[in-house]
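Positions in the sequence shown are counted from 1; adding 506 to them yields our numbering.
Working notes, structure below.
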Amino acid sequence: MKKISVLMIGNSFSVDAARYTHQISVNSGIEIELGVLYVGGCSLEMHVNFIKEGSTPYEWFINGESTGKYISLKDALLMKKWDYITLQQVSVYSGLLDTFYPYINQLIDYVRKYQKESILVLHKTWPYETGFDNTNFAHYNYDRKIMYQSINKAYESVAKDLGINLVIRSGDIIEAAIEKYGEHFHKDGFHLNDEGRYLAALGFVHTFNQNKTIKELYIPEGFNKDKCIAFDEFVSQVLNK
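Structure follows, in structure tokens:
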């Protein structure tokens, strides 16, 4: 089986997407070793500031589980040769294009000092839930669809500008799931619940296995097998559009 390594430079939305990714990937034809650098609410600007400070603020997750260790971005970049490195903006700014710059360029420059051959990937995040009562949602007039459209435009622009050809489409998957099944994939208005995390993980795996059939689908404890199979078919259809 082919094995790849992926480093996510992100925040809690990375943790959400990574929760079940490794487990699902094992029987997908491409096993994913997944490291996540986690600081809650971490924006691109914050990542750059951590670099300048030389600090070790990131809780280190491997394959969906916290190691309990805190490291720096440099520590992670020197850990091994990563095949892929994902970048994302914090959710509140994900649909605001101006907030990506100049920080994403500075972050990429730093990554390239230590990982010259890794393929850069954008992780497109999802919009908030309708009715989420948080001032961060005011950027999008408290409207899920406006937020979703804004995220699409921002990530499309950034990908084109930076020449990044691979995008993990978590936002598209969650939005499509809401349209099909209803709004019950968030746990607190912005983070994903377990079903939402499972959908995002399926999208992550199918992105890297070129949307091939997963031979034996991983079913987390307490999940309904038939629903998981339906979710897998649904995610594959979304990514084929």
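Note that the Cβ used here is the ideal one computed from N, Cα and C, for glycine as well.
Sort the options by Cα distance to residue i and report the nearest one.
i: D668; options: L723, H692, P608 and A707; result: Here residue 668 is Leu; the residue named in the question, Asp, does not match the sequence. The candidate whose alpha carbon is nearest that of L668 is P608.
i: A682; options: L745, F714 and L584; result: L745
i: I670; options: G677, N569 and Y661; result: Y661
i: N517; options: F567, H528, Y724 and S531; result: F567
i: I652; options: G601, D678, S676 and D694; result: G601
i: V545; options: S578, Y526 and K558; result: S578
i: R675; options: K747, E559 and S561; result: K747
i: V617; options: R703, L628 and L583; result: L583
i: G547; options: M585, S656, F696 and N611; result: F696
i: R698; options: D732, Y620 and Y526; result: According to the sequence provided, residue 698 is Leu. The question's Arg does not apply to it. Closest option to L698, Cα to Cα, is Y526.
Who are residue i's beta bridge partners in DSSP?
i: E537; result: K509
i: L628; result: L593 and V673
i: M514; result: V542 and T592
i: H645; result: Answer is none; H645 lacks a bridge partner.
i: F567; result: V542 and S572
i: I652; result: BP columns for I652 are empty, so no partner.
i: H712; result: Answer is none; H712 lacks a bridge partner.
i: L583; result: In DSSP, L583 forms no bridge with anything.
Apart from the five residues on each side of it in sequence, which residues of its chain come closer than 6 Å, Cβ to Cβ, to residue i?
i: K509; result: E537
i: N715; result: S534, G535 and I536
i: L603; result: A660 and S663
i: N640; result: none
i: H629; result: T592, Q594 and I674
Should residue i go down as buried or exposed, given a rule of 16 or more other Cβ atoms within 10 Å for buried?
i: A706; result: buried
i: I735; result: exposed
i: S531; result: buried
i: S572; result: exposed
i: E701; result: buried
i: G560; result: exposed
i: G677; result: buried
Which residues in the same chain have their Cβ closer than 8 Å to the Cβ of residue i, if we skip the five residues on either side of it in sequence?
i: H528; result: E537, I538, E539, L540, N569 and G570
i: I741; result: Per the sequence shown, residue 741 should be read as Val rather than Ile. Closer than 8 Å at the Cβ level, and outside the excluded window around V741, lie I679, L705, L708, G709 and H712.
i: Y454; result: Absent from the structure is residue 454, since the part of the chain shown begins at 507 and ends at 747.
i: L613; result: I515, L550, H553, V554, I557 and L593
Excluding the 5 residues flanking residue i on each side, which residues of the same chain have their C-beta closer than 7 Å to its C-beta?
i: V598; result: N642 and H645
i: F519; result: Q594, S597 and T631
i: V542; result: M514, G516, S520, V521, A524 and F567
i: D738; result: L708, I720 and L723
i: I684; result: F691
Cβ pair count under 8 Å reaching 3, the segment 546–563 against the segment 727–741: no
The segment 629–638 / the segment 684–694 touching (three or more Cβ pairs under 8 Å): yes
At least 3 beta-carbon pairs within less than 8 Å: the segment 613–625 vs the segment 578–597: The segment 613–625, when compared against the segment 578–597, does touch it at the 8 Å Cβ threshold.
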